[in-house]
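**Q** What follows is a single structure, and I will ask about it in a moment.
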Amino acid sequence: MNRNALSLLELNSLLAEVIEIGMPREYWVEAEISELRVVRGHCYLDLVEKREGTNTPVARASAKCWQNTWSVISPYFEKVTGQTLHAGMRVLMLVSANFHPAYGFSWIINDIDPTYTLGDMARKRQAIIEQLKREGVFDMQKELTLPMSCRNIAVVSSANAAGYGDFVDQLENNANGFRFTVRLYPATMQGEGVEQSVIAALNKIYDALSAEDETSPDCVVIIRGGGATSDLSGFDTLALAENVAQFPIPIITGIGHERDESILDMVSHTRVKTPTAAAALLIDHLKRVWDYLLEAQGTLETAARRRMDMEQMRFQRAAQKIPPLFSLFKERQEHRIDRIMRDMVAAAQRSVAANINRIDELRNGMSPMLERTITGESHRLQMLGQRVKALDPKLLLKRGYSITLHEGMIVRDASQLKSGDRIETRVEKGTILSVVDCGGKKKK
165 MNRNALSLLE LNSLLAEVIE IGMPREYWVE AEISELRVVR GHCYLDLVEK
215 REGTNTPVAR ASAKCWQNTW SVISPYFEKV TGQTLHAGMR VLMLVSANFH
265 PAYGFSWIIN DIDPTYTLGD MARKRQAIIE QLKREGVFDM QKELTLPMSC
315 RNIAVVSSAN AAGYGDFVDQ LENNANGFRF TVRLYPATMQ GEGVEQSVIA
365 ALNKIYDALS AEDETSPDCV VIIRGGGATS DLSGFDTLAL AENVAQFPIP
415 IITGIGHERD ESILDMVSHT RVKTPTAAAA LLIDHLKRVW DYLLEAQGTL
465 ETAARRRMDM EQMRFQRAAQ KIPPLFSLFK ERQEHRIDRI MRDMVAAAQR
515 SVAANINRID ELRNGMSPML ERTITGESHR LQMLGQRVKA LDPKLLLKRG
565 YSITLHEGMI VRDASQLKSG DRIETRVEKG TILSVVDCGG KKKK
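What follows is the structure, encoded as structure tokens:
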């Protein structure tokens, strides 16, 4: 027996002393957070350094931030950067080495410099913006135009968000009495799932565009309504920006506050402050179209009358030069001009009335279509219910058939059974329990 052997505790305690003596000071270190969890006020992190340009780790380490330190640096970090510490973020930390005989080695975090992370976030945002510009998609949404009758609105938002409720209420109770059709495409609007969730919603809206009917969306509104500035990080991703920038219809964003502008805001068609501002924009757009039609009506009528007056004056001047012999011709021409004037005014009024009627039809045509859709779907459900009833096994039992079960499974092949197996035979009225007897014959 080796009398010089150390116990594990003695060895670990020796290592703890070596680390404490050999690394007594604090160190500033750059690293990426690969995992972060807070337990009873203490923060536990897994740190990683990756080879430049790849996701291959070249170094890993565990780190801890005790509650008394974490409660101070975490709020300060969020206040400066506008984001909470999370996986994937690069940080600059002040750490000291610690080796516990029972828990092993870890770095103890004493401070985190938010200005480093702020710079890294800015560099990432700028890199995304530059890539979008290189791809030629950064301003693609700005080149689109809102349709004149922009009434079918596809909304990407959380179903329970107060901002979504405010948006719908603003549209439904507008002072002009305009009718809008709003369809919600639910999505996660904060946290790490924002990118994939919003992209999935946009894909569903794109599929709806292929219908090319009266219900096809005229524009998309992405709204968040409230929330912390730190929740905006999900809207600063390349994949989401590319999807929005290249979307075929205008996208309006209202996901932040006045001072916050995400990359998604930059590439969208129009960026507004709040969900209610997005609703106001759509109402004002339709009001401008309506005013334009009314103005066009007045302009057309005025132009027609002015032209008639000019023609009548020209005719009167010409008539003064015509001898009395041609007075009958003058009278006929006057009648002709009066008829032309009436026809033109009537045509102008019909054109304006037709445009007004079309707007009224567009405004009121949604309810019957929805009722027809609901009626059709109800009929289809009734037919499916009848088919299900027709396939009910109880009907087969009433016709004299039986069903044999072994261990809860339907027996379709007798060769699957062996002597001693207990089987259950169900008939119309009751159940028969049996034991298989193969008569001593061996199954081939």
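Mind the numbering: the sequence shown is residues 165 to 608 in the working numbering, read in order.
Built from N, CA and C at the ideal position, the CB exists for glycine as well.
Whole angstroms are fine: how far does the CA of Ala443 sit from the CA of Ser380?
**A** Position 216 of the sequence shown, counted from the first residue, corresponds to residue 380. Position 279 of the sequence shown, counted from the first residue, corresponds to residue 443. Approximately 19 angstroms, taken between the alpha carbons.
**Q** Just how far apart, CA to CA, sit Asp382 and Arg254?
**A** As a working mapping, residue 382 is identified with position 218 in the sequence shown. As a working mapping, residue 254 is identified with position 90 in the sequence shown. Cα to Cα, the separation comes out at about 41 angstroms.
**Q** Is the beta carbon of Val591 sitting closer than 8 angstroms to the one on Leu569?
**A** Counted from its first residue, the sequence shown places residue 591 at position 427. Counted from its first residue, the sequence shown places residue 569 at position 405. No. Outside cutoff.
**Q** So the candidates are Leu173, Val212, Trp192; which of them puts its Cα closest to the Cα of Leu200?
**A** Position 36 of the sequence shown, counting from 1, holds the residue named residue 200. Comparing alpha-carbon positions, the option among Leu173, Val212, Trp192 lying closest to Leu200 turns out to be Val212.
**Q** Does the stretch 459 to 471 come within contact of the stretch 344 to 361, defined as at least 3 CB pairs closer than 8 angstroms?
**A** no
**Q** Just curious, the alpha helix (DSSP H) that Glu406 is in, first and last residue?
**A** For the purposes of this step, residue 406 is taken as the residue at position 242 of the sequence shown. Segment 402 to 409, the alpha helix (DSSP H) holding Glu406.
**Q** To the nearest angstrom, how far is it from the Cα of Asn521 to the Cα of Trp454?
**A** As a first step, residue 521 must be located in the sequence shown, where it is residue number 357. As a first step, residue 454 must be located in the sequence shown, where it is residue number 290. When rounded, the distance between both Cα atoms is 12 angstroms.
**Q** On the DSSP bridge assignment, give the partners of Asn262 in chain order.
**A** Numbered from 1 along the sequence shown, position 98 holds the residue referred to as residue 262. Its beta-bridge partners are Ser270.
**Q** Would you identify the three-state DSSP class for Ser598, choosing helix, strand or coil?
**A** In the sequence shown, residue 598 corresponds to position 434, counting from 1. Three-state result, Ser598: strand.
**Q** Just to confirm before moving on: does the CB-CB distance between Leu413 and Val384 stay below 8 angstroms?
**A** To locate residue 413, count along the sequence shown from 1; it is residue 249. To locate residue 384, count along the sequence shown from 1; it is residue 220. Contrary to the premise, residue 413 reads as Ile rather than Leu in this sequence. Yes, the pair counts as a contact, with Cβ atoms nearer than the cut-off.
**Q** Near Arg298, what residues of its chain come up, given a Cβ to Cβ distance below 8 angstroms and the 5 sequence neighbours on each side ignored?
**A** Here residue 298 corresponds to residue number 134 of the sequence shown, with the count starting at 1. There are no such residues.
**Q** Counting only the same chain and skipping the five closest in sequence on each side, list residues whose C-beta sits under 7 angstroms from that of Lys607.
**A** Against the sequence shown, residue 607 aligns to sequence position 443. Per-residue confidence for Lys607 stands at a pLDDT of 42, beneath the threshold of 50, marking its modelled position as unreliable; no derived number is given.
**Q** Quick one: Cα of Arg469 to Cα of Gln480, how far?
**A** Looking up residue 469 in the sequence shown gives position 305. Looking up residue 480 in the sequence shown gives position 316. Cα to Cα, Arg469 sits roughly 16 angstroms from Gln480.
**Q** Could you check where the beta strand (DSSP E) with Arg224 kicks off and where it finishes?
**A** Locating residue 224 in the sequence shown gives position 60, counting from the first residue. Note, Arg224: beta strand (DSSP E), 221 to 229.
**Q** Buried or exposed: where does Pro557 fall if 16 or more other Cβ atoms within 10 Å of its Cβ makes it buried?
**A** Taking the sequence shown and counting its residues from 1, the one referred to as residue 557 is at position 393. Classification of Pro557: exposed, given that the 10 Å Cβ count is below 16.
**Q** Answer yes if the stretch 330 to 341 comes into contact with the stretch 289 to 309, meaning at least three C-beta pairs across the two stretches below 8 angstroms, and no otherwise.
**A** With the cut-off at 8 angstroms, the stretch 289 to 309 and the stretch 330 to 341 do not touch.
**Q** In whole angstroms, what is the alpha-carbon distance linking Lys494 and Ile501?
**A** Counted from its first residue, the sequence shown places residue 494 at position 330. Counted from its first residue, the sequence shown places residue 501 at position 337. C-alpha separation (whole angstroms): 10 angstroms.
**Q** For Val182 and Asn262, I'd like the C-alpha separation in whole angstroms.
**A** Residue 182 sits at position 18 when you count from the first residue of the sequence shown. Residue 262 sits at position 98 when you count from the first residue of the sequence shown. Rounded to whole angstroms, Val182 to Asn262 spans 11 angstroms at the Cα level.
**Q** For Ser321, which residues does DSSP report across the bridge?
**A** Position 157 of the sequence shown holds residue 321. According to DSSP, which records beta bridges pairwise, Ser321 is partnered with Pro350.
**Q** Suppose contacts are defined by Cβ-Cβ distances below 8 angstroms. Is Met472 in contact with Ile293 by that definition?
**A** If you number the sequence shown from 1, residue 472 lands on position 308. If you number the sequence shown from 1, residue 293 lands on position 129. Between Met472 and Ile293, the CB-CB gap reaches or exceeds 8 angstroms.
**Q** If I'm right that Lys228 touches Ile272 with Cβ under 8 angstroms, what's the distance once you round it to whole angstroms?
**A** Sequence index remark: in the sequence shown, residue 228 carries index 64 (1-based). Sequence index remark: in the sequence shown, residue 272 carries index 108 (1-based). Yes, they are in contact, since the Cβ atoms of Lys228 and Ile272 sit about 6 angstroms apart, within 8 angstroms.
**Q** Could you work out which residue in Asp400, Ile185, Thr218, Ile386 is closest to Tyr328 when comparing CA atoms only?
**A** Counted from its first residue, the sequence shown places residue 328 at position 164. Taking only the C-alpha atoms, the option nearest Tyr328 is Ile386.
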